[in-house]
């Protein structure tokens, strides 16, 4: 087998990934090759003329086939995703954490000392674990209806040595503790929008964590209906899809929150609806 350099290996992979229609072929190729070689992406880019070892090439080529041929997300291929200050293990048991979901963590950072927080639909545990890491005084519980997702979240908690309580629950059913705050990244994609989603999402991410009825608000609506009776909750923060913020804000007010605001993500989309100050 003839020797190939980092630069040559990347060039071929970038072409293959680009031809498959992936949005960021160079970045994808660099991350996958760095992972196969066990080095940082920064080091990889500084060593373009270095020879790629024969032992790393098969793994890299399999990774490129998964990215280009199967349109599997890079995070699932590498098994890792950065989220705020953490590096989380990720796989098909839960959605890949997105940067916009970090807004849920930010919404809770100013909570009073030792407040009790519930992260509903925790998935990989990203929100609950990041909040516990940044505010270790808080009592954080994370729930999910999926046992498979919870197993991944527990693995992340154990590896990161973060003390979060995990429970299997359908929204607030069976959770009788008096929480001060509820954070939730629930399914919010309308059933009719499936065809418009990227292959990376519809082929590989768990369907149950994506779709929520004709308008995408079935699960968020159920949670807000439950919160109307949970008057101990002084803060709710809900991640929503593009164009859903106004409808969710209206329902949040109806659930008894006097002050409602929306936080925009880096793309300018109203992404998180926050309700504060309960009406008694």
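Residue numbers (our numbering): 38 to 317.
For every residue, glycine included, the Cβ atom is placed at its ideal position computed from N, Cα and C.
Annotation: the continuous beta strand (DSSP E) that includes residue 312 extends over 307-315. Distances from the CA of residue 302 to each of 291, 282, 292, 313 were compared; the closest alpha carbon is that of 282. The bridge partners DSSP lists for residue 272 are 218, 313. By the neighbour-count definition (other C-beta atoms within 10 Å, threshold 16), residue 186 is a buried residue. Taking residue 288 as the centre and dropping the five residues before and after it, the same chain places the C-beta of 254, 257, 258, 261 closer than 8 Å to its C-beta, in chain order. Setting aside the 5 residues that flank it on each side, residue 308 is surrounded in the same chain by 137, 140, 276, 277, 300, 301, 302, each with a C-beta closer than 7 Å to its C-beta; the list follows chain order. A contact between stretches requires three or more CB pairs, one per stretch, nearer than 8 Å, and the region 187-198 fails this requirement with the region 210-219.
Unbroken beta strand (DSSP E) stretches of 3 residues or longer found wholly inside the region 182-209: 202-205, given in chain order. Under the criterion of beta carbons closer than 8 Å, residue 166 and residue 219 do not qualify as touching, at roughly 17 Å.
Put simply, the region 246-253 touches the region 226-238. At least three CB pairs are less than 8 Å apart.
Between residue 207 and residue 239, the CB-CB gap reaches or exceeds 7 Å. Bounds of the alpha helix (DSSP H) holding residue 264 are 255-264. Among the bridge pairs identified by DSSP, residue 42 is matched with 88. Annotation: residue 197 to residue 108 spans about 29 Å, alpha carbon to alpha carbon.
Per DSSP, residue 125 lies in no alpha helix (DSSP H) segment; the continuous beta strand (DSSP E) that holds it begins and ends at 123-126. Under the rule that a run must span 3 or more residues, the beta strand (DSSP E) segments found entirely inside the region 150-181 read 153-157, 176-181. Excluding the 5 residues flanking it on each side, residue 105 has same chain C-beta neighbours closer than 6 Å at 53, 54, 57, in chain order. By the Cβ test, the region 173-182 is in contact with the region 142-154, since at least three Cβ pairs between them sit closer than 8 Å. Judged by DSSP in its simplified three-state form, residue 61 adopts coil rather than helix or strand.
The Cβ atoms of residue 146 and residue 169 lie no closer than 7 Å to each other. Pairwise C-beta distances place the region 89-97 out of contact with the region 125-134, as fewer than three of them are shorter than 8 Å.
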